[in-house]
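For reference, the structure is listed below as structure tokens.
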Amino acid sequence: MNETRHNWTKEEILEIYNKPLMELLYDAATIHRNHHDPNTVQVSTLLSIKTGGCPEDCGYCPQAARYHTDVEGNDLMSVQQVKAQALRAKSSGSSRVCMGAAWRNVKDGEEFDQVLEMVRTINKLDMEVCCTLGMITENQAQRLAEAGLYAYNHNLDSSEEYYKEVISTRGYEDRLETIDNVRKTNVTVCSGGIIGMGEKTEDRAGMLVALSTLNPQPESVPINALVAVEGTPLEDQKPVSIWDMVRMVATTRIVMPETQVRLSAGRTEMTREGQAMCFFAGANSIFAGDKLLTTPNPDVNEDMEMFKLLGLNPQKPFIKKMQPETVEAQNSQYQALGEKPKWTRPEHTIERNEEAKQKAKALK
Ligand code: SAM
Ligand code: DTB
Ligand code: SF4
2 MNETRHNWTK
12 EEILEIYNKP
22 LMELLYDAAT
32 IHRNHHDPNT
42 VQVSTLLSIK
52 TGGCPEDCGY
62 CPQAARYHTD
72 VEGNDLMSVQ
82 QVKAQALRAK
92 SSGSSRVCMG
102 AAWRNVKDGE
112 EFDQVLEMVR
122 TINKLDMEVC
132 CTLGMITENQ
142 AQRLAEAGLY
152 AYNHNLDSSE
162 EYYKEVISTR
172 GYEDRLETID
182 NVRKTNVTVC
192 SGGIIGMGEK
202 TEDRAGMLVA
212 LSTLNPQPES
222 VPINALVAVE
232 GTPLEDQKPV
242 SIWDMVRMVA
252 TTRIVMPETQ
262 VRLSAGRTEM
272 TREGQAMCFF
282 AGANSIFAGD
292 KLLTTPNPDV
302 NEDMEMFKLL
312 GLNPQKPFIK
322 KMQPETVEAQ
332 NSQYQALGEK
342 PKWTRPEHTI
352 ERNEEAKQKA
362 KALK
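Counting from 2, one number per residue, gives the positions in the sequence shown under our numbering.
Okay, here's the thing in structure tokens:
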């Protein structure tokens with residue numbers, strides 16, 4: 002077994018990332034085998050429970066209200082709708098449902114209570130439940146844990162330096178604080194980022210420093226390739242090369258040996274050969290279902306064919322950690338505190354985000 006280190010430096014990570022490819026693949030695959038079954042891949046289904054109309058300015062995101070994209074906004078789904086979708090996901094081989102909401106942060110009240118009920122409902126289907134709802138307080142994390150949440154996703158997205166080139170409406174430290182709030186509970190941490198936003202290799206390494214020096218490291222790390230959506234400030238970004246994706250996955254695997262590395266957004270642009278290389282390099286999780294949150298993803302049947310071809314098996318739920326218990330709302334030991342936390346709003350100017358906003362205004 003390789004010990005898990007929490008003191009990786011940017012220079013060390015860059016050295017790994019830039020290794021001759023065959024050596025990088027060999028090192029990553031070796032570490033992967035020492036910590037995981039190389040033929041097992043976790044399968045998660047994404048569900049956008051509240052779509053579009055988000056007040057933030059994340060330059061990559063089609064759900065930000067200020068840009069002009071084709072995303073149709075939707076109010077919060079009902080618990081019954083979510084249950085039906087979760088059952089579909091389960092019957093198609095997913096062990097986890099990840100519910101996403103286009104919110105800046107969670108607000109106590111009816112909508113959050115409804116999300117808690119969704120968590121209880123899916124946990125009772127014996128599936129792992131993940132949520133990604135924006136920033137949360139410790140009390141909100143505790144309430145999610147009590148409802149039976151298995152994981153909370155909150156991405157760092159990039160290095161601290163490059164983050165400032167993409168998002169101005171909240172700070173990197175807010176993201177770290179949310180991750181820390183989740184860490185105070187039994188809920189596992191899912192945090193990763195996006196490549197292909199125009200960042201340098203140093204920024205990819207910087208993000209991996211930030212993630213790998215967390216102690217404990219996140220239980221899962223999604224690596225997304227930017228899906229460049231028309232109308233967003235990053236609409237003209239060139240698709241990320243498969244070689245970059247493989248290097249990023251392999252480096253993530255090496256610096257975070259125990260984590261589940263998820264080959265996330267961007268798979269529609271990848272060949273089976275490319276994805277196979279990512280699995281060899283240590284990716285052991287995917288998002289399945291023909292939609293991510295708002296953009297396309299490969300068809301489930303095609304993914305299952307790929308699994309068969311590669312001899313991969315979907316991971317069963319609760320293999321890495323026991324299923325949490327669900328406490329019913331009436332027995333909860335937590336109150337909604339109605340806190341108004343002071344999440345920062347750095348508001349630096351990002352020219353291209355500003356331009357996209359103006360363009361969207363003009364089109365209205
Ligand atoms: N609103 C919440 C938040 O930002 O934390 C949760 C949903 S948000 C859509 C979740 C993550 O999806 C983002 O942090 C980002 O990493 C990823 N994402 C969003 N748009 C993307 C895109 N166009 N391409 C790749 N990843 C994207
Ligand atoms: C993550 O890292 N990737 C997922 C999930 N966590 C929430 C989201 C990808 C979104 C891609 C763009 C879209 O479909 O809107
Ligand atoms: Fe909103 Fe999340 Fe999209 Fe940012 S990434 S605009 S917070 S939905």
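Idealized CB from N, CA, C, for every residue including glycine.
Computed from a predicted model, the values in this text were never measured in an experiment.
- Counting other Cβ atoms within 10 Å of its Cβ, N19 stays below 16 and is therefore classed as exposed.
- For E57, the shortest separation between its Cβ and any heavy atom of the ligand SF4 lies below 7 Å.
- Here T295 is actually not in contact with T46; their C-beta atoms are around 15 Å apart, not less than 8 Å.
- Check the Cα spacing between P234 and each of P21, A277, Y68: the tightest is with Y68.
- With a threshold of 7 Å, the Cβ atom of L47 counts as near the ligand DTB, since some heavy atom of the ligand is closer than that.
- Taking 8 Å as the cut-off, the Cβ atoms of L293 and V42 do not count as close.
- The alpha-carbon separation between V190 and D245 amounts to approximately 25 Å.
- Secondary structure at L157: coil, using DSSP grouped into helix, strand and coil.
- Under the three-state reduction of DSSP output, A266 falls in the coil class, being neither helix nor strand.
- Comparing alpha-carbon positions, the option among M307, C131, K365, I196 lying closest to V116 turns out to be C131.
- Per DSSP, I224 is one residue of the beta strand (DSSP E) stretching across 221-226.
- Rounded to the nearest whole angstrom, the CA to CA distance from R248 to L25 is 8 Å.
- Assignment of M136 by DSSP, reduced to helix, strand and coil, places it in the strand class.
- As far as DSSP is concerned, S242 takes part in no beta bridge.
- I243 and G60 have their C-alpha atoms some 22 Å from each other.
- Taking T31 as reference, the option from N187, T253, G283, D304 with the minimal CA-CA separation is G283.
- Checking the 7 Å criterion, the Cβ of R105 is within range of a heavy atom belonging to the ligand SF4.
- In the DSSP secondary-structure assignment, I195 is bridged to N225.
- It is roughly 7 Å from the alpha-carbon of N156 to the alpha-carbon of R176.
- Counting along the chain, T122 sits inside the alpha helix (DSSP H) bounded by residues 111-124.
- By the Cβ-count criterion, R263 is buried, with 16 or more other Cβ atoms from all chains shown falling within 10 Å of its own Cβ.
- In this chain, the beta strand (DSSP E) harbouring M100 covers 97-102.
- Fewer than three beta-carbon pairs drawn from the segment 146-153 and the segment 71-88 are found closer than 8 Å, and the two stretches are therefore not classed as touching.
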